[in-house]
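Counting with our numbering, you get residues 1 to 499 for the letters of the sequence shown. Ideal placement from N, C-alpha and C gives every residue a C-beta, glycine not left out. Structure first, commentary second.
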Amino acid sequence: MTLTHYIGGAEIEGTSGRAQDVFNPATGAVIDQVPLASTAEIDRVVAVASAALPGWAATPAAKRAQVMFNFRQLILDNVKDLATLISSQHGKTIDDAMGEVARGVEVVEFACGIPHALKGEFSPQVAGGVDVFSMRQPVGVVAGITPFNFPAMVPMWMFPMALATGNTFVLKPSERDPGAPMMLARLLKQAGLPDGCFNIVHGDKEAVDALLDNPDIAAISFVGSTAIGKYIYSRGCANGKRVQALCGAKNHMVIMPDADMGQAVDAAMGAAYGSAGERCMAISAVLAVGDDTADRFVEALAPKVRALKIGQYDEPGVEMGPVITAESKSRVEDYINQGEAAGAHVVVDGRNLKLQGYENGFFVGGTLLDHVTPDMSVYRDEIFGPVLSVLRPKSYEEARQLVIDHEYGNGTAIFTRDGDAARDFASNVNIGMVGVNVPIPVPVAYHSFGGWKASMFGDHSIHGMEGVRFYTKLKTVTSRWPSGIKEGAVFNFHAGSDS
Ligand code: NAD
Numbered sequence: 001m002t003l004t005h006y007i008g009g010a011e012i013e014g015t016s017g018r019a020q021d022v023f024n025p026a027t028g029a030v031i032d033q034v035p036l037a038s039t040a041e042i043d044r045v046v047a048v049a050s051a052a053l054p055g056w057a058a059t060p061a062a063k064r065a066q067v068m069f070n071f072r073q074l075i076l077d078n079v080k081d082l083a084t085l086i087s088s089q090h091g092k093t094i095d096d097a098m099g100e101v102a103r104g105v106e107v108v109e110f111a112c113g114i115p116h117a118l119k120g121e122f123s124p125q126v127a128g129g130v131d132v133f134s135m136r137q138p139v140g141v142v143a144g145i146t147p148f149n150f151p152a153m154v155p156m157w158m159f160p161m162a163l164a165t166g167n168t169f170v171l172k173p174s175e176r177d178p179g180a181p182m183m184l185a186r187l188l189k190q191a192g193l194p195d196g197c198f199n200i201v202h203g204d205k206e207a208v209d210a211l212l213d214n215p216d217i218a219a220i221s222f223v224g225s226t227a228i229g230k231y232i233y234s235r236g237c238a239n240g241k242r243v244q245a246l247c248g249a250k251n252h253m254v255i256m257p258d259a260d261m262g263q264a265v266d267a268a269m270g271a272a273y274g275s276a277g278e279r280c281m282a283i284s285a286v287l288a289v290g291d292d293t294a295d296r297f298v299e300a301l302a303p304k305v306r307a308l309k310i311g312q313y314d315e316p317g318v319e320m321g322p323v324i325t326a327e328s329k330s331r332v333e334d335y336i337n338q339g340e341a342a343g344a345h346v347v348v349d350g351r352n353l354k355l356q357g358y359e360n361g362f363f364v365g366g367t368l369l370d371h372v373t374p375d376m377s378v379y380r381d382e383i384f385g386p387v388l389s390v391l392r393p394k395s396y397e398e399a400r401q402l403v404i405d406h407e408y409g410n411g412t413a414i415f416t417r418d419g420d421a422a423r424d425f426a427s428n429v430n431i432g433m434v435g436v437n438v439p440i441p442v443p444v445a446y447h448s449f450g451g452w453k454a455s456m457f458g459d460h461s462i463h464g465m466e467g468v469r470f471y472t473k474l475k476t477v478t479s480r481w482p483s484g485i486k487e488g489a490v491f492n493f494h495a496g497s498d499s
């Protein structure tokens, strides 16, 4: 089956003549073909979104919010089908897919309250007869470029906020699992969104470049790897667009000697191996402070990693699925090879995993590396697979410095019973999202999501009030109405009329 684009409320076949396979990563079988848009197709969709903009921007915020209320209900009504679609193309378990939808729905719920978030500020009588008020107006046509790992949630970080604030939207989802966004587009239409306000074009670099260069795109939200994010940020900004680019990560979990080890091990298990480690907030490095802490951690974690039930998303009891592509599998395995060659201890080895019935699937087993050092590529680079590295800093200060010195700054966590250490950590690390005894500190939707350092380019994080700011322009009006009113004056607005 070949997927279509979604333009102006209709499913439109691609005309570029280029397409790409979509796989079931558990079997390696091709299950779909996704069209790859040409520059001409991008220019057409941007024209459609531009035509829809004036009407939608002028729609009262409460009416736009009503569409979001309807949309929320439709997602909840269809959540099983949506989750199954996500799992079938991404490979994550149904529970993980349901979780991703739930986090996306939170943003829709925030968008339901958009009239409140758009209220401006007012200062009366800043000078004689002069009042100042501010308003937030939509930026225009917005493009979203999204990664494979959360095919529903990450687009939902963007478009509910952009639409609710009065913009129209063009989504370029990941070409590796493009099914879920198409379903969301149909639900938006059912929810009452006017045609043309939300559009999807599939594609690769050609489509992205066309969006970056199209003068009618006002803003770009990107989520994906750092190399591509840097490129999108610089080219988009050079073309005068507003750009937010949320990028790659290497998230550390510091375990202090006083931590509740049972809690820390369970947390690391979910945070490192959930969704096969393909989460930008996955924990991929544990900094266990002191050898004794590290020994206790590795001893408790290793049997759990060995016992992980790996398989296709719809098998009962499956805890972890495959990685997204054959290339990802070999990249992850190559990193494990490099770590081993550099002297890391391979405590649990996920390489060369063969599952009966899924011999061609892209599976990598849970992998645990101990005695990793900061110079190793397994520590420096984002692996984006089910591989956890354990480092053994001697002190809290050494652990904190490792977090500070790392290139990435998306999320981090500290596990401790010591409030002083936790407070120092949260205050002093240069990381966008910090957890205290919380391994994946993804903020709820009414706060904002975003990293520091190489994990984000741009000034505004995503969703919450930062999302409102990104998708709106501030206008401030200073008005003078010098009063000519005299005591006892009578207004006659109808002077000169028949009445
Ligand atoms: P990716 O960078 O390969 O792709 C992201 C998007 O960019 C896709 O839509 C893709 O089609 C497009 N793209 C790919 N190559 C391009 C090129 N050469 N020119 C222009 N566009 C191009 O990322 P991915 O592999 O889909 O996703 C995984 C990455 O996303 C990881 O690095 C992960 O950390 C990151 N991520 C970050 C966050 C965050 O919030 N910081 C969230 C999720 C994922």
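Using the three-state DSSP reduction, which class does residue i fall into: helix, strand or coil?
{"i": "Leu36", "result": "coil"}
{"i": "Ala102", "result": "helix"}
{"i": "Glu398", "result": "helix"}
{"i": "Phe23", "result": "strand"}
{"i": "Asp512", "result": "An answer regarding residue 512 cannot be provided, because it is not within the stretch 1 to 499 covered by the chain."}
{"i": "Gln263", "result": "helix"}
{"i": "Tyr273", "result": "helix"}
{"i": "Leu53", "result": "helix"}
{"i": "Asn428", "result": "helix"}
{"i": "Glu11", "result": "strand"}
{"i": "Gly484", "result": "coil"}
{"i": "Asp131", "result": "strand"}
Rounded to whole angstroms, what is the Cα-Cα separation between residue i and residue j?
{"i": "Val403", "j": "Phe415", "result": "14 Å"}
{"i": "Pro138", "j": "Gly435", "result": "33 Å"}
{"i": "Gly277", "j": "Ile440", "result": "12 Å"}
{"i": "Ser497", "j": "Thr168", "result": "Bear in mind that a pLDDT of 47 at Ser497, under 50, signals an unreliable position, so the number given afterwards is only what the model happens to contain. Those two C-alpha atoms are separated by around 44 Å."}
{"i": "Thr2", "j": "Gln33", "result": "5 Å"}
{"i": "Gly140", "j": "Asn214", "result": "13 Å"}
{"i": "Leu369", "j": "Asp291", "result": "15 Å"}
{"i": "Ala207", "j": "Ser389", "result": "37 Å"}
{"i": "Pro194", "j": "Leu74", "result": "16 Å"}
{"i": "Gln20", "j": "Met433", "result": "35 Å"}
{"i": "Ala117", "j": "Asp459", "result": "19 Å"}
{"i": "Met456", "j": "Asn410", "result": "8 Å"}
{"i": "Glu109", "j": "Ala445", "result": "8 Å"}
{"i": "Asp307", "j": "Met261", "result": "The sequence as given places Ala at residue 307; Asp does not occur at that position. Rounded to whole angstroms, Ala307 to Met261 spans 19 Å at the Cα level."}
{"i": "Pro511", "j": "Tyr313", "result": "The chain is shown only over 1 to 499; residue 511 falls outside these bounds and no answer can be derived."}
For residue i, is the beta carbon positioned less than 7 Å from some heavy atom of the ligand NAD?
{"i": "Lys205", "result": "yes"}
{"i": "Glu106", "result": "no"}
{"i": "Cys237", "result": "no"}
{"i": "Ser448", "result": "no"}
{"i": "Lys92", "result": "no"}
{"i": "Tyr335", "result": "no"}
{"i": "Ala249", "result": "yes"}
{"i": "Glu175", "result": "yes"}
{"i": "Asn437", "result": "no"}
{"i": "Lys241", "result": "no"}
{"i": "Gly500", "result": "Any question about residue 500 goes unanswered here, given that the chain covers just 1 to 499."}
{"i": "Leu211", "result": "no"}
{"i": "Glu382", "result": "yes"}
Quick one: is the Cβ of residue i within less than 7 Å of any heavy atom of the ligand SAH?
{"i": "Pro151", "result": "In the structure shown, the ligand SAH is absent; the only ligands present are the ligand NAD."}
Keeping to the same chain, check which residues put their C-beta closer than 7 Å to that of residue i; ignore five residues upstream and five downstream.
{"i": "Ala164", "result": "Arg64, Ala65, Met68, Ala111, Ile114"}
{"i": "Lys333", "result": "Looking at the sequence itself, residue 333 is Glu, so the reference to Lys does not match. Hits under 7 Å: Arg351, Val364."}
{"i": "Val154", "result": "Thr146, Pro147, Val223"}
{"i": "Ala302", "result": "Val347, Val348, Leu368"}
{"i": "Arg235", "result": "Leu212"}
{"i": "Ala218", "result": "Val139, Gly140, Val141, Val142, Lys241, Arg242"}
Go through its chain and collect everything with a Cβ distance to residue i's Cβ below 6 Å, but skip five positions before and after it.
{"i": "Met158", "result": "Gly144, Ser221"}
{"i": "Val477", "result": "Phe133"}
{"i": "Glu121", "result": "Ser134"}
{"i": "Ala422", "result": "Ile414, Thr416, Val436"}
{"i": "Pro443", "result": "Phe449"}
{"i": "Val254", "result": "Leu287, Ala399, Ile414"}
Which same chain residues, not among the five before or five after residue i, have their C-beta less than 8 Å away from its C-beta?
{"i": "Ile86", "result": "Lys92, Ala97, Glu100, Val101, Pro151, Ala152, Asp177, Gly179, Ala180"}
{"i": "Ile12", "result": "Thr4, His5, Tyr6"}
{"i": "Ala342", "result": "Thr373, Asp375, Met376, Ser377, Val378"}
{"i": "Ser225", "result": "Pro147, Cys247, Gly248, Glu382"}
{"i": "Pro257", "result": "Val289, Gly290, Asp292, Thr293"}
Measure the beta-carbon distance from residue i to residue j and round it to whole angstroms, keeping in mind my assumption that it falls under 8 Å.
{"i": "Val372", "j": "Gly339", "result": "7 Å"}
{"i": "Glu382", "j": "Lys250", "result": "5 Å"}
{"i": "Val286", "j": "Phe297", "result": "7 Å"}
{"i": "Lys453", "j": "Tyr408", "result": "6 Å"}
{"i": "Ser448", "j": "His463", "result": "6 Å"}
{"i": "Pro105", "j": "Arg72", "result": "The sequence shown places Val at residue 105, rather than the Pro named in the question. The pair is a contact, with the Cβ atoms about 6 Å apart (cut-off 8 Å)."}
{"i": "Ile310", "j": "Leu355", "result": "7 Å"}
Is there a Cβ from chain C that is less than 8 Å from the Cβ of residue i?
{"i": "Gly55", "result": "Considering every chain present, this structure includes no chain C. It has just one protein chain."}
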